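For the sequence shown, my numbering assigns the number 1 to the initial residue and increments by one for each residue that follows. The beta carbon of each residue, even a glycine, is placed where N, CA and C say it ideally should be. Here the structure is a predicted model, which is why all the values come from computation and not from measurement. Have a look at the structure below before the remarks.
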Amino acid sequence: NVLFDEDNLPYLADFGIARLAEATQTMTIVGTPAYMSPEQVQGQGQLDGRSDIYAVGVMLFEMLTGSQPYQADTPTRQMMQHLLEPIPDVVAANPDLSPGWQTVIDTVMAKEPEARYATAAELTAAMGDLLAEDVANTAPVPLITPAAAPPPMVNTTPKIKQARSPLAKTVIDTPPELTTPPPQRRFKLPAWAWWGGALLLLLLLAWGISGMFGGGTDNSEATRTAEALAAVVETTPTPTPQSDTTATEAATNTATSIPSVPPTKTPIPTSTPDPNMPPPNPTPGSSWQRPADKMTMVYVPGGTFPMGSENGRDDEQPVHDVTLDGFWIDHTEVTNAQYALCVEAHKCEPSRYSGDARYFRQNQPVVGVSWYNAETYCEWVGGQLPTEAQWEYAARGTDGRIYPWGNETPDCELANLRVFGNS
Numbered sequence: 001n002v003l004f005d006e007d008n009l010p011y012l013a014d015f016g017i018a019r020l021a022e023a024t025q026t027m028t029i030v031g032t033p034a035y036m037s038p039e040q041v042q043g044q045g046q047l048d049g050r051s052d053i054y055a056v057g058v059m060l061f062e063m064l065t066g067s068q069p070y071q072a073d074t075p076t077r078q079m080m081q082h083l084l085e086p087i088p089d090v091v092a093a094n095p096d097l098s099p100g101w102q103t104v105i106d107t108v109m110a111k112e113p114e115a116r117y118a119t120a121a122e123l124t125a126a127m128g129d130l131l132a133e134d135v136a137n138t139a140p141v142p143l144i145t146p147a148a149a150p151p152p153m154v155n156t157t158p159k160i161k162q163a164r165s166p167l168a169k170t171v172i173d174t175p176p177e178l179t180t181p182p183p184q185r186r187f188k189l190p191a192w193a194w195w196g197g198a199l200l201l202l203l204l205l206a207w208g209i210s211g212m213f214g215g216g217t218d219n220s221e222a223t224r225t226a227e228a229l230a231a232v233v234e235t236t237p238t239p240t241p242q243s244d245t246t247a248t249e250a251a252t253n254t255a256t257s258i259p260s261v262p263p264t265k266t267p268i269p270t271s272t273p274d275p276n277m278p279p280p281n282p283t284p285g286s287s288w289q290r291p292a293d294k295m296t297m298v299y300v301p302g303g304t305f306p307m308g309s310e311n312g313r314d315d316e317q318p319v320h321d322v323t324l325d326g327f328w329i330d331h332t333e334v335t336n337a338q339y340a341l342c343v344e345a346h347k348c349e350p351s352r353y354s355g356d357a358r359y360f361r362q363n364q365p366v367v368g369v370s371w372y373n374a375e376t377y378c379e380w381v382g383g384q385l386p387t388e389a390q391w392e393y394a395a396r397g398t399d400g401r402i403y404p405w406g407n408e409t410p411d412c413e414l415a416n417l418r419v420f421g422n423s
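Below is the structure:
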């Protein structure tokens, strides 16, 4: 979190995802969707400072263009954009930028952590080269060439009797001041973007010098960059607005008459349960029928379970403990009949498969639905897709079983798979 005080000075409120990854092993998906790195979206346990560097890259893109690189109508969609969509073209978003900024954005927001800047000092040096170029291109051009100091002025003007006002005397006795035009910037960015970029660079310098991203790094490059910016970044105090104070009449001690009728008690209103929301204070095993699609939901109490598998894919290893708060989850998969309601409401797209009608009966699980349509359906009924950790916790429980029914190998009778064949 980057906070600004009343003088617009930035402060790093916490270390972010890298420090959190060191502090706990119970993390799955943690972070702000607009600034989450791809590895955070995937819920990978091994995170380091390069996830923070990715978030800084998102901030940099936002400061250079005035908008975030990925924008969506829901946090989940925005997370998937960070994971799957290409890095946006920062120069296309702001044509006044030099091409070098795209190289910086491509590196700092690379999908793979190994392709990013390893430390904040590396990012600072790359930005420093571009900002130093900006400093050279924004040098002010004086209207009047400076010259040696003139000798003391002697008033040799003939007497002008008409010039008797104090204003005329001031004009004669005071030499004119030399004025300098405002700097000419090559980039036509709004002022807030330039100040934001300068503050971001100073913030990066603070990170690099303190070594918070790990690894002993030579900070001489960062120091030289800071010195180059000294002539550009000047903190201007914000004047405190002065408000006129108005005297208020002193209150008079006037006795208040005692009411002749005793006050009556007003009944305290009681809250009415919302039928579209699960009941409050559920207990383990509580159930509730969702009004939108008549789906029965069950309450899963919070707890800790071993997530992953030592014999699974690389992204399932190693087995690690995950702690979750309590949540509600559908008792069964969404059926064809329930999904059809969303299609009829013109919110969801129809299934991509029309296969054998025997496997598209009303009470069978819907198949052939994209991730985006699955999320749309969840939003339509007033919920959201479960996270990987929530699904695994609800399906496996806390005893380490492989499948919801135990450790027996599954067969085709346990899922709606026959549309794809029997193998």
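Please work out which residues of its chain come closer than 6 angstroms, Cβ to Cβ, to residue i, disregarding the five sequence neighbours upstream and downstream, and give them in chain order.
{"i": "Pro350", "result": "Val343"}
{"i": "Ala126", "result": "Val104"}
{"i": "Tyr299", "result": "Pro282, Ser286 and Trp328"}
{"i": "Pro429", "result": "With the chain covering 1 to 423 only, the question about residue 429 has no answer from this structure."}
{"i": "Leu130", "result": "Gly100"}
{"i": "Pro88", "result": "Pro69"}
{"i": "Val334", "result": "Val366"}
{"i": "Ala55", "result": "Tyr35"}
{"i": "Lys111", "result": "Pro38"}
Given residue i, which residues of its chain have a CB within under 8 angstroms of its CB, disregarding the five upstream and five downstream residues?
{"i": "Val319", "result": "Pro306, Met307, Gly308, Ser309 and Glu310"}
{"i": "Pro410", "result": "Tyr403"}
{"i": "Lys294", "result": "Gln338"}
{"i": "Glu41", "result": "The identity of residue 41 in the sequence shown is Val, whereas the question assumes Glu. So the qualifying residues of the chain are Ile29, Met79, Met80, His82 and Leu83."}
{"i": "Pro386", "result": "Phe327, Ile329 and Ala394"}
{"i": "Asn407", "result": "Arg401"}
{"i": "Met297", "result": "Pro278, Ser287, Trp288, Gln289, Arg290, Trp328, Ile329, Asp330 and His331"}
{"i": "Cys378", "result": "Gln384 and Leu385"}
{"i": "Leu5", "result": "Residue identity check: residue 5 is Asp in the sequence provided, not Leu. Hits under 8 angstroms: Tyr11."}
Please confirm whether residue i and residue j have their CB atoms less than 9 angstroms apart.
{"i": "Leu58", "j": "Ala34", "result": "According to the sequence shown, residue 58 is Val rather than Leu. Closer than 9 angstroms, so yes."}
{"i": "Ala120", "j": "Thr107", "result": "no"}
{"i": "Pro113", "j": "Arg50", "result": "yes"}
{"i": "Ala345", "j": "Trp371", "result": "no"}
{"i": "Leu60", "j": "Leu97", "result": "no"}
{"i": "Asn336", "j": "Pro291", "result": "no"}
{"i": "Glu388", "j": "Gly43", "result": "yes"}
{"i": "Cys348", "j": "Thr376", "result": "yes"}
{"i": "Val90", "j": "Gln71", "result": "no"}
Using DSSP bridges, identify the partner residues of residue i.
{"i": "Gly406", "result": "Tyr403"}
{"i": "Pro95", "result": "DSSP output for Pro95 lists no bridge partner at all."}
{"i": "Ser287", "result": "Val298"}
{"i": "Pro458", "result": "Absent from the model: residue 458. The displayed extent of the chain is 1 to 423, so no value can be given."}
Is the Cβ of residue i closer than 9 angstroms to any Cβ of chain E?
{"i": "Glu349", "result": "Absence of chain E from the displayed structure is noted, only one protein chain being present."}
CB-CB under 7 angstroms to residue i, same chain, minus the five flanking residues each way: which ones, in chain order?
{"i": "Met36", "result": "Met79 and His82"}
{"i": "Leu341", "result": "Asp293"}
{"i": "Gly400", "result": "Pro306"}
{"i": "Trp312", "result": "The amino acid occupying residue 312 in the given sequence is Gly; Trp does not appear at that position. Hits under 7 angstroms: none found."}
{"i": "Phe360", "result": "Asn336"}
{"i": "Ala374", "result": "Leu385"}
Exercise. Touching or not, the region 383 to 396 and the region 302 to 319, by the rule of three or more beta carbon pairs under 8 angstroms?
Worked result: yes
Exercise. Using 8 angstroms as the threshold, is the region 69 to 89 in touch with the region 1 to 10, meaning 3 or more CB pairs across them?
Worked result: no
Exercise. Taking only runs of the alpha helix (DSSP H) that begin and end inside the region 296 to 355, which ones reach a length of at least 4 residues, in chain order?
Worked result: 336 to 344
Exercise. What alpha helix (DSSP H) runs, 4 residues minimum, are completely inside the region 64 to 131?
Worked result: 75 to 84, 90 to 93 and 100 to 108
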